[in-house]
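Okay, structure first, notes after.
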DNA sequence: AATATAATTGACCGATACGGACAACAGCAT
DNA sequence: ATGCTGTTGTCCGTATCGGTCAATTATATT
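Residue numbers (the working numbering), protein chains in the order written: chain L, 1 to 205; chain V, 1001 to 1205.
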């Protein structure tokens, strides 16, 4: 990409980036025209091509940007400090909720991008994803002490279950397009967590 | 549309209809090519145009079909029999959950269609929607006895809140693409309802 | 088997949309 | 005037779109 992009006023950078997030999050990669993104950012298509030499480059740039912002949030909320599994999930969720209220279309973009199947970008996305995040879950899962949990249940199953429920919950938020009540959301999720603890942990806890 | 469509073997009708639901639920109206729908249904584009004279006609036909199926479910689950508000919501939800597990892409289509803004179909959809469903809520709301509820709260607010939460919950289900556990879903929603009753109804109940 | 009839398709059309290239323009400092 | 930088309008080759239609295949009738 053209490094001059970075010397643009930050506000303008943001406008272009957000336009990208918006359009790419609403259509598939192939059906997201550069034209539309440019319009949405209030610049000409030519200028957009001036900063990003082609569509793929812009897409991958946006993905990377989203990953970095996500990482910032996750570290800021202490998601990489070693704790137990539930604590980790709570911190992760809190970070994500905050992030979504601030960058809603970005979050939608990330999800769409993750499931994007167009061969032009597909593999690049997945490689990058693994490098960025996949370590975390393994890490926290490894620290788990099985004796804390109720007898005869599958740890991975539980994690999967919890993970899916959280993701679904986040979807709900993304789709809703009105003002978001952060405190309510966080309380809701805390309730969810309490519920899980109650089911999965041994009574002694 | 071409009435001969109905004399097709039902299985083939279904295949075409489902293809429509799928494609229209994944892209916007404008970016859903007839080509793709035909391929997805295993027929040629020409044949698709033989049965539905143009794209708009197919889209509106699908919308109508979806509405009718929805109505069937709602009546089957007793959603139109007069009861109290909570009972109505529960029946409605139960019907919708069942419906979604059977016709997932249709449900996704309905939601997308409802928010579709393309002027070519937008108004037709909204007119139809009002005719079909909007009566129901008013109806049940009118039967509500305000004295049953806790002091000083806005009935419409509560309904809106409950409605949004339900819709969000359904979104979560639609987005998830694996086998659905109907019983779990229904239990979850029952819990939600219990929770609402606890907050909104007077203790005497 | 020959014929009529219905189902289904491939090839095609005009219009538009697309990604991308590039020369030109405007503003501004020298 | 002369660069330089940011920005745009215009153009191009190609692909795609909605939609048509003649041609082909399958089915029913005699």
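Idealized CB from N, CA, C, for every residue including glycine. What you are looking at is a predicted structure, and each value in this text was computed from that prediction instead of being measured.
Along chain V, in chain order, which residues have C-beta atoms closer than 9 Å to that of residue 31 of chain L?
Stepping through the first chain from its first residue, residue 31 of chain L is reached at position 31. Those within 9 Å of residue 31 of chain L in chain V are 1027, 1028, 1031.
Any contact between the region 70-82 of chain L and the region 39-55 of chain L? By contact I mean 3 or more CB pairs, one from each, below 8 Å.
The answer is no - the region 39-55 of chain L does not touch the region 70-82 of chain L, with fewer than three Cβ pairs under 8 Å.
Could you spell out where the alpha helix (DSSP H) holding residue 1083 of chain V opens and where it closes?
Taking the first residue of the second chain as position 1, residue 1083 of chain V is located at position 83. Neither: residue 1083 of chain V is in no alpha helix (DSSP H) and is coded neither H nor E.
Rounded to whole angstroms, what's the CA-CA distance from residue 23 of chain L to residue 31 of chain L? Just pull it up for me.
Along the first chain, read from residue 1 onward, the residue named residue 23 of chain L stands at position 23. Along the first chain, read from residue 1 onward, the residue named residue 31 of chain L stands at position 31. Their Cα atoms are separated by approximately 9 Å.
To the nearest angstrom, how far is the alpha carbon of residue 182 of chain L from that of residue 1039 of chain V?
Taking the first residue of the first chain as 1, we reach residue 182 of chain L at position 182. Taking the first residue of the second chain as 1, we reach residue 1039 of chain V at position 39. Using only the alpha carbons, I get a separation of about 44 Å.
Going by DSSP in three states, residue 177 of chain L sits in which element: helix, strand or coil?
As a first step, residue 177 of chain L must be located in the first chain, where it is residue number 177. Below a pLDDT of 50, predicted positions are generally treated as unreliable, and residue 177 of chain L, at 49, falls in that range; the measurement from the model is reported next regardless. Coil, per DSSP.
Could you give the uninterrupted runs of the alpha helix (DSSP H) lying entirely in the region 4-43 of chain L, keeping only those of 4 residues or more?
For the region 4-43 of chain L, whole alpha helix (DSSP H) runs of length 4 or above, ordered along the chain, are 10-26, 34-41.
Under 8 Å by Cβ, that's how I've got residue 169 of chain L and residue 189 of chain L pegged, so tell me the actual separation to the nearest angstrom.
By 1-based counting over the first chain, the position of residue 169 of chain L is 169. By 1-based counting over the first chain, the position of residue 189 of chain L is 189. Residue 169 of chain L to residue 189 of chain L, Cβ: 7 Å. Contact.
Classify residue 1149 of chain V as helix, strand or coil using the three-state DSSP reduction.
Translated into the one-based positions of the second chain, residue 1149 of chain V becomes position 149. Correct three-state label for residue 1149 of chain V: strand.
Report yes or no: do the region 1085-1098 of chain V and the region 1065-1076 of chain V share at least 3 C-beta pairs separated by less than 8 Å?
Yes, the region 1085-1098 of chain V is in contact with the region 1065-1076 of chain V.
Less than 7 Å separating the beta-carbons of residue 1140 of chain V and residue 1085 of chain V?
The residue given as residue 1140 of chain V occupies position 140 in the second chain. The residue given as residue 1085 of chain V occupies position 85 in the second chain. Cβ distance < 7 Å, so residue 1140 of chain V and residue 1085 of chain V count as in contact.
Taking 8 Å as the cut-off, does the region 8-23 of chain L touch the region 99-115 of chain L (at least 3 CB pairs, one atom from each stretch)?
The region 99-115 of chain L vs the region 8-23 of chain L: in contact.
Given a cut-off of 7 Å, decide if residue 1090 of chain V and residue 1008 of chain V are closer than it, judged by their beta-carbon atoms.
Mapped onto the second chain, residue 1008 of chain V falls at position 8. Mapped onto the second chain, residue 1090 of chain V falls at position 90. Not a contact, by the Cβ cut-off of 7 Å.
Cβ of residue 10 of chain L within 7 Å of Cβ of residue 66 of chain L?
Residue 10 of chain L sits at position 10 when you count from the first residue of the first chain. Residue 66 of chain L sits at position 66 when you count from the first residue of the first chain. Going by C-beta atoms, residue 10 of chain L is not nearer than 7 Å to residue 66 of chain L.
On the CB-based measure, 16 or more other CB atoms within 10 Å of its CB, does residue 1123 of chain V come out buried or exposed?
On the second chain, residue 1123 of chain V is found 123 positions in, with the first residue counted as 1. With fewer than 16 Cβ atoms within 10 Å of its Cβ, residue 1123 of chain V is classed as exposed.
In chain order, what are the residue ranges of uninterrupted alpha helix (DSSP H) at least 4 long that sit wholly in the region 1120-1144 of chain V?
Listed in chain order, the complete alpha helix (DSSP H) runs (minimum 4 residues) inside the region 1120-1144 of chain V are 1122-1129, 1135-1142.
What are the start and end residues of the alpha helix (DSSP H) that includes residue 1201 of chain V?
For the purposes of this step, residue 1201 of chain V is taken as the residue at position 201 of the second chain. Element bounds for residue 1201 of chain V: n/a, residue is neither H nor E.
Does residue 1 of chain L pass the burial test, meaning 16 or more other C-beta atoms within 10 Å, or should it be called exposed?
Translated into the one-based positions of the first chain, residue 1 of chain L becomes position 1. So residue 1 of chain L counts as exposed.
Could you say which of L:126, L:132, L:44, L:99 lies nearest to residue 35 of chain L if we only look at CA atoms?
On the first chain, position 35 is the one that residue 35 of chain L refers to. Residue 35 of chain L has its Cα closest to that of L:44, out of L:126, L:132, L:44, L:99.
Closest to residue 1150 of chain V by C-alpha separation, out of V:1201, V:1070, V:1163, V:1132, would be which residue?
Taking the second chain and counting its residues from 1, one reaches residue 1150 of chain V at position 150. Nearest option by C-alpha distance: V:1201.
Residue range of the alpha helix (DSSP H) that residue 1106 of chain V falls in?
As a first step, residue 1106 of chain V is located in the second chain; it is residue number 106 there, counting from the start. 1104-1115 is the span of the alpha helix (DSSP H), which, as asked, contains residue 1106 of chain V.
Kindly indicate which residue of L:158, L:146, L:156, L:129 has the alpha-carbon position closest to the one of residue 70 of chain L.
Here residue 70 of chain L refers to the residue found at position 70 when the first chain is read from its first residue. It is L:129.
Assign residue 1002 of chain V to one of three DSSP states: helix, strand, or coil.
Within the second chain, the letter at position 2 stands for residue 1002 of chain V. Of the three classes helix, strand and coil, the one that applies to residue 1002 of chain V here is coil, per DSSP.
In chain order, what residues of the same chain lie with their CB nearer than 8 Å to the CB of residue 116 of chain L, ignoring the 5 residues before and after it?
On the first chain, position 116 is the one that residue 116 of chain L refers to. Counting only Cβ-Cβ distances below 8 Å, and skipping sequence neighbours, we find 28, 29, 122, 125.
When the Cα of residue 33 of chain L is compared with those of L:59, L:12, L:13, which residue comes out closest?
One-based indexing of the first chain puts residue 33 of chain L at position 33. Residue L:59 is the option with its Cα nearest to residue 33 of chain L.
Quick one: residues in its chain with C-beta nearer than 7 Å to the C-beta of residue 1112 of chain V, no 5 flanking neighbours on either side, listed in chain order?
Counting from one through the second chain, the residue named residue 1112 of chain V turns up at place 112. Answer for residue 1112 of chain V: 1024, 1025, listed in chain order.
What's the gap between the Cα of residue 1012 of chain V and the Cα of residue 1099 of chain V?
Sequence index remark: in the second chain, residue 1012 of chain V carries index 12 (1-based). Sequence index remark: in the second chain, residue 1099 of chain V carries index 99 (1-based). Distance between the alpha carbons of residue 1012 of chain V and residue 1099 of chain V is about 21 Å.
Identify whether residue 52 of chain L lies in helix, strand or coil by the three-state DSSP scheme.
For the purposes of this step, residue 52 of chain L is taken as residue 52 along the first chain, with counting starting at 1. Here residue 52 of chain L sits in coil by DSSP.
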